[in-house]
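Note that the working numbering has the sequence shown beginning at 18, numbered continuously upward.
Idealized CB from N, CA, C, for every residue including glycine.
Structure first, commentary second.
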Amino acid sequence: MLPKAYRWVGEIEEIGEFVGGKESEIYGGLARIYERVEKSLDGDQADVKVSREFVEDAKRAREK
18 MLPKAYRWVG EIEEIGEFVG GKESEIYGGL ARIYERVEKS LDGDQADVKV
68 SREFVEDAKR AREK
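Okay, structure coming up:
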């Protein structure tokens, strides 16, 4: 997901437009997250690092 985050921004925004109304706001938030990941990939990698740590923590939790 991380290397192709830019692809998801438009997709998520389209889903939000389809859903419409107040419920569509969550999709706007998701699109902003993908934008942040994209910028992080091109920049300091801070958000990428947090995402990877989250995934690794979740994997360890499942193993318990």
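Closest to Asp64 by C-alpha separation, out of Glu73, Asp74, Tyr51, Lys76, would be which residue? Of the candidates Glu73, Asp74, Tyr51, Lys76, the one whose C-alpha sits nearest the C-alpha of Asp64 is Tyr51.
Val54: buried (16+ other C-beta within 10 angstroms of its C-beta) or exposed? Buried.
C-alpha distance - Glu31 paired with Glu73, whole-angstrom precision: Roughly 30 angstroms separates the two Cα atoms.
I need the straight-line Cα distance from Arg69 to Gly37, nearest angstrom please. If you take the alpha carbons of Arg69 and Gly37, they lie about 32 angstroms apart.
Run the CB neighbour count on Gly33, radius 10 Å, all protein chains shown included, and call it buried at 16 or more, exposed below. It is buried - the Cβ of Gly33 has at least 16 other Cβ atoms within 10 Å.
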